[in-house]
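> With the first letter of the sequence shown counted as 1, position 38 gets the number 189 in the working numbering; the numbers rise by one all the way through. From the three backbone atoms N, C-alpha and C, an ideal C-beta is built for every residue, glycine too. All values derive from a computational prediction rather than experimental measurement.
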Amino acid sequence: MNKMKKRSLLVLLMFSIPFLSSCSSFVIDDVLVVQGIGLDYTKDGKIRGTALFPLFRESTTEEPSTISVTTDNTYNILQKINEKSALRLVEGQTRILLFGKAYAKHNIEEIIHSFSRSPSLGRRVHVAVVDGKAETMLQAVTKKDVKESLYITDLIEQNIHTENLPYTNLHVFFSNYYGKGRDVFLPYLGGEKNEIKLKGLAIFDKERLVTTLNMKETFLFKLIRSGSKNGLYHTFIKAEGKKGAVVLRNLYARQSMTYSKKNNSIKVDVHINGLLKEYPAWVNAKDRKQVHDIESQIKDELTKNGNRIVQDMQKLQVDPIGFEDFARSKTRHFDWKEFHNRYPDMDIKVNIDVKLTQTGIGE
152 MNKMKKRSLL
162 VLLMFSIPFL
172 SSCSSFVIDD
182 VLVVQGIGLD
192 YTKDGKIRGT
202 ALFPLFREST
212 TEEPSTISVT
222 TDNTYNILQK
232 INEKSALRLV
242 EGQTRILLFG
252 KAYAKHNIEE
262 IIHSFSRSPS
272 LGRRVHVAVV
282 DGKAETMLQA
292 VTKKDVKESL
302 YITDLIEQNI
312 HTENLPYTNL
322 HVFFSNYYGK
332 GRDVFLPYLG
342 GEKNEIKLKG
352 LAIFDKERLV
362 TTLNMKETFL
372 FKLIRSGSKN
382 GLYHTFIKAE
392 GKKGAVVLRN
402 LYARQSMTYS
412 KKNNSIKVDV
422 HINGLLKEYP
432 AWVNAKDRKQ
442 VHDIESQIKD
452 ELTKNGNRIV
462 QDMQKLQVDP
472 IGFEDFARSK
482 TRHFDWKEFH
492 NRYPDMDIKV
502 NIDVKLTQTG
512 IGE
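#1: Taking 8 Å as the threshold (C-beta atoms), are I503 and L453 in contact?
#2: Count the CB pairs spanning the region 434 to 450 and the region 309 to 317 that are closer than 8 Å, and state whether there are at least three.
#3: Classify S300: buried if its beta carbon has 16 or more other beta carbons within 10 angstroms, exposed otherwise.
#4: DSSP on R359, reduced to helix/strand/coil?
#5: Do you know offhand how far L321's Cα is from V292's?
#6: Reducing DSSP to helix, strand and coil, say where T510 ends up.
#7: Assign T409 to one of two classes, buried (16 or more other C-beta atoms within 10 Å of its C-beta) or exposed (fewer than that).
#8: Between the Cα of I460 and those of G341, R376 and V185, spot the shortest distance and give me the residue it belongs to.
#9: Identify, in the order they occur along the chain, each residue of the same chain with its Cβ nearer than 8 Å to the Cβ of A478, setting aside the five sequence neighbours on each side.
#10: Compute the Euclidean distance between the alpha carbons of Y494 and K488, then round it to the nearest angstrom.
#11: Report the residue ranges of all alpha helix (DSSP H) runs contained in full by the region 224 to 307; include only those spanning at least 4 residues, in chain order.
#12: If you follow the beta strand (DSSP E) that M497 is part of, which residue opens it and which one closes it?
#13: Using beta-carbon positions only, say whether A279 and L337 come within less than 8 Å of one another.
#14: For L427, which option in N381, I263, F325 and N233 has the closest C-alpha, if you only look at C-alpha atoms?
#15: Can you tell me whether DSSP reads I375 as helix, strand or coil?
#16: Please report the straight-line C-alpha distance between P215 and I303, rounded to a whole angstrom.
#17: Mind reading off the beta-carbon distance from I247 to A202? Whole number of angstroms is fine, and I expect it under 8 Å.
#18: Return helix, strand or coil for E391, following the three-state DSSP convention.
#19: I460 lies in the beta strand (DSSP E); which residues open and close that run?
#20: Taking 6 Å as the limit between beta carbons, can you name the residues of its chain near Y430, skipping five residues before and five after?
#21: Over the uninterrupted beta strand (DSSP E) stretch that includes L340, give me the two end residues.
#22: Residues in its own chain within less than 6 Å of T369 by CB, not counting five upstream and five downstream?
#23: How long is the line joining the alpha carbons of D223 and S267, rounded to whole angstroms?
#24: Considering only residues of the same chain and omitting the five flanking positions on each side of I307, which have a CB-CB separation below 6 Å?
#25: Quick one: Cα of R400 to Cα of K506, how far?
#26: Going straight from the alpha carbon of L240 to that of V185, what length do you get?
#27: Excluding five sequence neighbours on each side, which residues of the same chain lie with their C-beta closer than 7 Å to the C-beta of D444?
#28: Should R333 go down as buried or exposed, given a rule of 16 or more other Cβ atoms within 10 Å for buried?
#29: Under a three-way DSSP split, which group does D504 fall into?
#30: Taking just the CA atoms, how far does Q462 sit from T482?
#31: For S269, is the classification buried or exposed, using 16 other Cβ atoms within 10 angstroms of its Cβ as the cut-off for buried?
#32: Could you check what DSSP says for Y410 in three-state terms: helix, strand or coil?
#33: Report the rounded CA-to-CA distance for S480 versus T245, giving the unit in angstroms.
#34: Please report the straight-line C-alpha distance between D282 and M288, rounded to a whole angstrom.
#35: Should H385 go down as buried or exposed, given a rule of 16 or more other Cβ atoms within 10 Å for buried?
#36: Buried or exposed: S379, going by 16 or more other Cβ atoms within 10 Å of its Cβ?
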C-alpha cells in the first residue's frame, strides 16, 4: 500500500513540474526587460518618457537600446512605450530612474507616487538627476564603446562604494521624501556628447529641484552629514612664496553634532585623518612645521566652504543634511513647526580639523 502511494505521488510530481514552471518563466528573447527609465519635461508642458533595455542578438552580446514617447502624464508612459514595442515590456528589473533637469525643477511628485506603489521595484533601484535631458543620457549609453545597459547604475554604485557620494538608493529616497527631518538629495549626472560622468548632488525642496552641488561641495556635504572613510579633495596651498595643487585623501573622518535649543544653535565638528595623495615637489614631507601649515590651510578652506554650504541650504530653507532630524532626536516633545520656522536663522557652525599622517604625506 505504501509503495502504491509513493508511486502515485511520484507520477503526480512529474506531471506538475512542467505546469508549475510555465506559470512564472518567460523567454528573454520574447520580452523587453526595462533597466532604465528617463523622464523629461518638454517646452509645451508634456512628459517625454524613455525606456532603456538590453537587446540580445544571435550571440550573447548585449546591445542597449531605447524607446521614447511623449504623453500628458507619467502614469501611462510604460503603456505608451509598450504600444511602440514588438515585444512585451517587463519592468521588474529596472535599476535606474533619471530625471531631466527641467522635469526635476517642475515637479517629481507624480512619478514618485507611481513608483512607491510598484511592488516590483526594490532597493537596488537608483534615482538621479541629469544636467540636461534624461533621454539624451540614456541614448548615450547605447553609443558607448562598452555596451552595458547598467552603465549608469554601476557608475553611481562605484562612487558610493568609494565614498565620493553619500549612500542613496530608491529606499533612502522614499525615506527622505515621505519622512520628516531631512530633504531629498540625489546624484547629479552630466557629460558632453556621449560622455557620462558624476557632477555632484542635486538638492530638492519637497518635489522640486532647487540647487546642485559640485564634487568638491559633495565631499564636504558628506563629511558634514555623516563623516566618511574615503574620498578625495583637490585644493591649492601656499608656502615660502610658492603656490601648488594638492590632493587630500581622506582616510577617516569622524563627525559629531551638538544642539542647543536655548541658543538656537547647532555645532558640527569633523575630524579628518588623511594624507596628501599629490603635492608639489617643493613640499618637504619631513618638515613638521611645513606640514602643520598645510594642515591649517586645508582646515581653513574646508571649514569656510562647509559653512557656506550650510548657509546656502538655510537660505533655500532646505535641510538635506538632517539638522532637524538630529534636533528631534535630542529634544523631548519636539515641535516640528517651531524648528522649521527657526531653521533659516539658526546659528549653525561647522568646524573641520585636518590631521595629515607623517607616513602618508611622504609616500
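So, to answer that:
#1: yes
#2: no
#3: buried
#4: strand
#5: 21 Å
#6: Low local confidence applies: a pLDDT of 47 at T510 is under 50, so the model's placement there is unreliable, with the coordinate-based value given in what follows. Helix at T510.
#7: exposed
#8: R376
#9: Y410, K412, I417, F485 and F490
#10: 10 Å
#11: 228 to 234, 252 to 257, 260 to 267 and 285 to 294
#12: Element bounds for M497: n/a, residue is neither H nor E.
#13: yes
#14: N381
#15: helix
#16: 12 Å
#17: Actually they do not touch by this definition, with Cβ atoms about 11 Å apart.
#18: coil
#19: No beta strand (DSSP E) holds I460; the alpha helix (DSSP H) holding it covers R439 to L467.
#20: V397
#21: F336 to G341
#22: G351 and L352
#23: 20 Å
#24: H277 and P338
#25: 11 Å
#26: 7 Å
#27: A390
#28: buried
#29: strand
#30: 23 Å
#31: exposed
#32: strand
#33: 35 Å
#34: 9 Å
#35: exposed
#36: buried
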